[in-house]
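Just so we're aligned: 750 in this note's numbering is position 424 of the sequence shown, and the numbers increase by one with no gaps anywhere. In what follows, a single structure is set out as C-alpha cells and then discussed.
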Amino acid sequence: MGRIGIRPVLIILSAAALLGLIAVFHSVPLAQTPSGLVAYKVVGAANLANPGSESFWNNIPWFNVSLAPTLSGVPTSGLVPYVEAKAAYNGDYIFILVKWPDENPSTIGASAVAGPGHWPVVYNPKGPLNMTFLQLLTSTFHKHYKVLNSSYAIIFGSPRPMEYVLYYYGPANGVYFYGYYVNATHYYPDRFAIMWYMGTQQNPSDCMNIGGPHPGYKVSGQLGTVVGAIPNTGGSLSSGAANIWEWIAGVTYPQGADFNYFTNATWDAENGINPTAASNFAAAPHGFFLNLLTNQTGLYDIGDGGIWYPNATGPVPGYFSGYTGAKYENGYWVLEFVRQLKAPMPNTVNITVGSTYDIAFGVWYGKSGETSFDKSITANFVPLTLVPKSPAAPSPIPYVVLIVAVIGIIIALMAIGIAFYYMRRGTQA
Numbered sequence: 327m328g329r330i331g332i333r334p335v336l337i338i339l340s341a342a343a344l345l346g347l348i349a350v351f352h353s354v355p356l357a358q359t360p361s362g363l364v365a366y367k368v369v370g371a372a373n374l375a376n377p378g379s380e381s382f383w384n385n386i387p388w389f390n391v392s393l394a395p396t397l398s399g400v401p402t403s404g405l406v407p408y409v410e411a412k413a414a415y416n417g418d419y420i421f422i423l424v425k426w427p428d429e430n431p432s433t434i435g436a437s438a439v440a441g442p443g444h445w446p447v448v449y450n451p452k453g454p455l456n457m458t459f460l461q462l463l464t465s466t467f468h469k470h471y472k473v474l475n476s477s478y479a480i481i482f483g484s485p486r487p488m489e490y491v492l493y494y495y496g497p498a499n500g501v502y503f504y505g506y507y508v509n510a511t512h513y514y515p516d517r518f519a520i521m522w523y524m525g526t527q528q529n530p531s532d533c534m535n536i537g538g539p540h541p542g543y544k545v546s547g548q549l550g551t552v553v554g555a556i557p558n559t560g561g562s563l564s565s566g567a568a569n570i571w572e573w574i575a576g577v578t579y580p581q582g583a584d585f586n587y588f589t590n591a592t593w594d595a596e597n598g599i600n601p602t603a604a605s606n607f608a609a610a611p612h613g614f615f616l617n618l619l620t621n622q623t624g625l626y627d628i629g630d631g632g633i634w635y636p637n638a639t640g641p642v643p644g645y646f647s648g649y650t651g652a653k654y655e656n657g658y659w660v661l662e663f664v665r666q667l668k669a670p671m672p673n674t675v676n677i678t679v680g681s682t683y684d685i686a687f688g689v690w691y692g693k694s695g696e697t698s699f700d701k702s703i704t705a706n707f708v709p710l711t712l713v714p715k716s717p718a719a720p721s722p723i724p725y726v727v728l729i730v731a732v733i734g735i736i737i738a739l740m741a742i743g744i745a746f747y748y749m750r751r752g753t754q755a
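Take a look at the structure:
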C-alpha cells in the first residue's frame with residue numbers, strides 16, 4: 327500500500343466524497359425560466375408601504391426580462407439591462423411586482439419636464455457638427471440651440487416632428503441624437519411603464535413609433551422638400567391598441583421630491599380630472615399610475631382632460647384607481663402595481679382568469695438622459711397568463727436521495743481513514 331503513494335490515493339478518495347455531495351443535488355432540478363410570466367392565485371392584499379414584503383410573493387419566482395434600446399445607436403438609449411417581475415391576483419385585484427437596477431435614482435417630479443422641457447443633445451461622433459443642417463432643423467421648428475463645442479450642441483425643446491427628423495435624417499447630415507441634456511439640477515424623473523396589448527396582431531412590436539403630432543404631418547420649408555410628410559404619429563403602434571400603466575417618480579410616488587404636483591384637488595379638477603376622484607385622492611394621497619392609450623393614431627390620456635397627451639375619454643371616475651407602491655433599496659427600484667381585474671375606465675385592459683395577455687416593460691433612467699422615446703424596452707412582448715392555482719412551495723431535497731447521499735459520504739470518509747491507516751503503516755515499515 328505504501329508503494330502506491332499518498333497523493334493518488336487522496337485524489338481518488340476525495341473524488342468519491344465529492345460524488346457523494348453531488349448526489350444530494352443530482353435529482354433536484356434547477357429553477358427554469360418559464361416561457362412567460364405567470365400570475366398565481368393568492369390570499370392577501372398589497373402592502374404598498376413596503377412593496378414585495380407580502381408573504382404570498384415568497385413562493386413565486388422572479389421572471390427575468392432582458393431590455394433593449396428603443397433608439398438603435400443612441401448612446402443613452404437602452405441603459406437599463408433587465409427587469410425582474412412577479413405576478414399574482416387575489417380574485418379582485420392583480421399585483422405586478424418589478425425591480426430593476428439603478429445606481430443613480432431620480433425622484434424629481436414633473437417640474438423637470440414641464441418648464442424647460444426636453445433638451446436634446448446632438449453630436450457628431452465622426453467630426454464637427456454640420457452647423458448648416460443644425461440651423462435648418464432648429465429654424466424649421468422654431469427652436470434655439472447652444473453650441474458646447476465643435477462636436478456637441480443642445481437644442482432647447484424637442485417637438486415630436488423634430489425628433490423624427492433628427493433621428494431618421496440627422497445622421498446622414500452630420501447631426502446625431504445623443505440623448506436628452508442633464509446636469510446637477512436639470513434632469514428627468516425615473517419612470518416605469520407596463521404596456522398591455524389589446525389588439526389582435528400576432529407577435530406585435532412593443533416599440534411605439536416616433537412621428538408627428540398627427541398622421542400625415544408635413545414638414546415645412548426647405549427641410550420639407552427632403553422629409554415631406556411624416557408617416558407615423560408619435561407614440562402610435564403599428565397595429566391595434568394598448569393600455570399603458572405609467573409610474574413616474576416624484577409625480578405618482580408619495581415619497582418623491584415633487585409629489586404635490588398632483589395633490590391639489592382644485593388644480594386637478596380644472597385640468598379635467600373627475601372632481602370627486604381628485605378630492606378623495608387629495609384627502610388621502612397614495613402612489614398611483616397614469617393610464618394611457620396608444621393605438622394606430624397616437625398616444626392619449628385616459629381619465630382626464632388631456633394633461634399629458636391628447637384626451638381619449640374625458641374626465642371619468644377611476645383616474646386614481648391604479649395603485650403603486652415604490653421603494654429604493656440596495657441599488658434597486660422595487661415597484662408594485664395594483665389594479666382591479668375589471669377595467670375601471672374605457673380603453674383600459676379588462677383582466678380575466680385563464681387568459682393570456684401580451685405585455686411589455688419600458689424603463690427610463692432620468693439622470694442619464696432617458697426620457698420620452700429614449701428608454702429601455704423589452705425586445706418583444708412577454709406573455710402573462712392568469713392561472714387558477716396557487717404557487718407551489720419550493721421543492722425540498724427528496725428524502726431518499728438525502729439518505730443515499732449521506733451514506734455515500736460516510737463510506738467515503740471511512741475509506742479515507744482506512745487509507746491513511748495503511749499509508750502510515752507502510753511508511754513506518
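Quick reminder that beta carbons are idealized off the backbone N, C-alpha and C, glycines included.
Environment of S698 [buried if 16+ CB atoms lie within 10 Å]: Buried.
Closest Cα partner of A583 within the set A610, P709, G435: Ranking the options by Cα distance to A583, first place goes to G435.
K425 - partner residues in DSSP beta bridges: Within the DSSP bridge table, the entry for K425 names E410, V660 as partners.
7 angstroms Cβ shell around Q622 - same chain, five flanking residues per side excluded: The beta carbon of Q622 sits closer than 7 angstroms to the beta carbons of S562, L563, S565 from its chain, once the five residues preceding and following it are set aside; these are given in chain order.
Segment limits, beta strand (DSSP E) that includes S702: 702-704 is the extent of the beta strand (DSSP E) around S702.
Where A440 sits in the DSSP three-state scheme: Annotation note: pLDDT 44 at A440 (below 50); position unreliable, no value reported.
Nearest-angstrom beta carbon gap, Q666 and Y419 [assumed within contact, 8 angstroms]: About 6 angstroms separates the CB atoms of Y419 and Q666; that is less than 8 angstroms, so the two are in contact.
In DSSP terms, what F518 is bridged to: In the DSSP output, where bridge partners are listed per residue, F518 has W573, V689.
Where the alpha helix (DSSP H) containing P487 begins and where it ends: That run of the alpha helix (DSSP H) goes 486-495.
Touching by the beta-carbon criterion (3+ pairs, under 8 angstroms), the stretch 420-427 and the stretch 661-680: Yes: at least three Cβ pairs fall under 8 angstroms.
Whole-Å CB distance - G483 paired with G443, under 8 angstroms assumed: Indeed they touch by this definition, with Cβ atoms about 5 angstroms apart.
Boundaries of the alpha helix (DSSP H) in which V553 is found, first to last residue: For V553, the uninterrupted alpha helix (DSSP H) run begins and ends at 547-553, by DSSP.
Cβ shell of G537 (< 6 angstroms), same chain only, five flanking positions each side left out: Exclusion of the five residues before and after G537 leaves Y490, I556, N558, T559, G560 as the residues of its chain whose Cβ lies within less than 6 angstroms of its Cβ.
Distance CB(T639)-CB(G648) smaller than 8 angstroms: No, Cβ-Cβ distance for T639 and G648 is not below 8 angstroms.
Rounded C-alpha distance that separates P611 from W571: For P611 and W571, the gap between their C-alpha atoms comes out near 18 angstroms.
Range covered by the beta strand (DSSP E) that runs through V617: Note that residue 617 corresponds to Asn in the displayed sequence, not to Val. Bounds of the beta strand (DSSP E) holding N617 are 616-620.
Stretch-stretch touch, CB-based, cutoff 8 angstroms, three pairs: the stretch 695-713 with the stretch 404-411: Cβ pair count under 8 angstroms is three or more, so yes.
Given N376 as reference, the closest of Y579, A705, K693 once Cα atoms are compared: If we check each option's Cα against that of N376, Y579 comes out closest.
Pair within 8 angstroms by beta-carbon distance, A413 and L710: A contact, by the Cβ cut-off of 8 angstroms.
Where the alpha helix (DSSP H) through V650 begins and ends: In the sequence under discussion, the amino acid at residue 650 is Thr, which differs from the Val named in the question. Taken as a continuous stretch (DSSP letters only), T650 belongs to no alpha helix (DSSP H), being part of the beta strand (DSSP E) at 649-655.
Residue of A669, G692, Y523 minimising C-alpha distance to N706: Taking the Cα of N706 as reference, the smallest distance to any Cα among A669, G692, Y523 is reached at Y523.
Exposure of N569, with buried meaning 16 or more beta-carbon neighbours within 10 Å: Counting the other Cβ atoms within 10 Å of the Cβ of N569 gives 16 or more, which makes it buried.
Where P539 falls, given that 16 or more other Cβ within 10 Å makes a residue buried: Classification for P539: exposed.
Backbone CA spacing between P601 and T592 [nearest angstrom]: Looking at the two C-alpha atoms, the distance is approximately 8 angstroms.
Cβ-Cβ distance between F485 and F467 below 8 angstroms: This sequence places Pro at residue 485; Phe is not what is there. Yes; because the gap between Cβ atoms is below 8 angstroms, this pair is in contact.
Cβ-based burial, S381 [other Cβ within 10 Å; buried from 16]: By the neighbour-count rule (16 or more Cβ atoms within 10 Å), S381 is not buried but exposed.
Assigned secondary structure, L563 (DSSP; H/G/I helix, E/B strand, else coil): When DSSP states are grouped into helix, strand and coil, L563 belongs to the coil group.
Per-residue DSSP class, three states only, for A479: Here A479 sits in strand by DSSP.
Whole-number beta carbon distance between V708 and G362, since they are thought to touch under 8 angstroms: About 6 angstroms separates the two Cβ atoms, so the contact holds.
Alpha carbon of A686 to alpha carbon of Q528, nearest angstrom: Between A686 and Q528, the C-alpha separation is close to 14 angstroms.
Own chain partners of W383 with C-beta closer than 8 angstroms, once the 5 adjacent residues on each side are dropped: The beta carbon of W383 sits closer than 8 angstroms to those of K412, A414, L423, all from its chain and outside the five residues before and after it, given in chain order.
Inter-residue spacing [alpha-carbon to alpha-carbon] between A608 and V553: Their Cα atoms are separated by approximately 47 angstroms.
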